[in-house]
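Each step along the sequence shown adds one to the number in our numbering, with nothing skipped, and position 84 is 70. Note that beta-carbon positions come from the ideal geometry of N, C-alpha and C, so glycine has one too.
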Amino acid sequence: MNNPILYSSQIKEVAFGSNVKIVEPVNIYGCSIGDDCFVGPFVEIQKDVLIGARTKVQSHSFICELVTIGDDCFVGHGVMFINDLFEDGGPARGDKTKWKSTKIGNNVSIGSNATILPVQICDGCVIGAGAVVTKNITEPGVYVGNPAKFIKPLNK
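Okay, structure coming up:
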């Protein structure tokens, strides 16, 4: 019987702003997390991710490489970010040149279980729970569904 190789979740090589709160267990490495942020349990944030000030990331979310999230954002439970579009019919298998980036603006709320493909989302958006964002969002408002579609402007 072979023994598996075990890896432990960890917090390693992270640039933290002031007053950041983390609920373990988490796997966070090689990224930057701004002032006054919150990260819930069972979250993975990979290297080169940038998270702006006062952003909250709820439990069970996955933020992969090449993601930037602005200030004052909310990432709900179980949100998944994707950087590999399987352009050749399967995973890039370590060929990071095939990965794409994602940029989330400021004041964006992403509902639980949403999936965010490599896109840009402008400031001031709400992404509904379970939505799948497949295209850039350039107008503030509320977006829901699969694929995510604009349904209404935000009330100010």
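Does the Cβ of residue i have 16 or more other Cβ atoms within 10 Å, making it buried, or fewer, making it exposed?
i	result
R40	buried
F72	exposed
T88	buried
P27	exposed
P104	buried
N69	buried
T101	buried
A117	buried
Taking the alpha-carbon positions, what's the residue i to residue j distance?
i	j	result
K138	N92	19 Å
L140	P77	37 Å
C59	E(-1)	23 Å
I90	Y(-7)	30 Å
I55	M(-13)	44 Å
L52	V35	6 Å
E125	C111	8 Å
F48	G97	13 Å
V65	I37	15 Å
Let me check one thing: in DSSP terms, what residues is residue i bridge-paired to?
i	result
M(-13)	Paired residues: none, contrary to the question.
L36	S18, T54
I8	V25
E30	N13, F48
F67	I102
Which of the three DSSP states, helix, strand or coil, is assigned to residue i?
i	result
T124	coil
T83	helix
E(-1)	coil
Y129	strand
V61	strand
C111	strand
T219	Because the chain is modelled from -13 through 142, residue 219 falls outside the range shown and cannot be assessed.
I90	strand
S(-6)	coil
S95	strand
F72	coil
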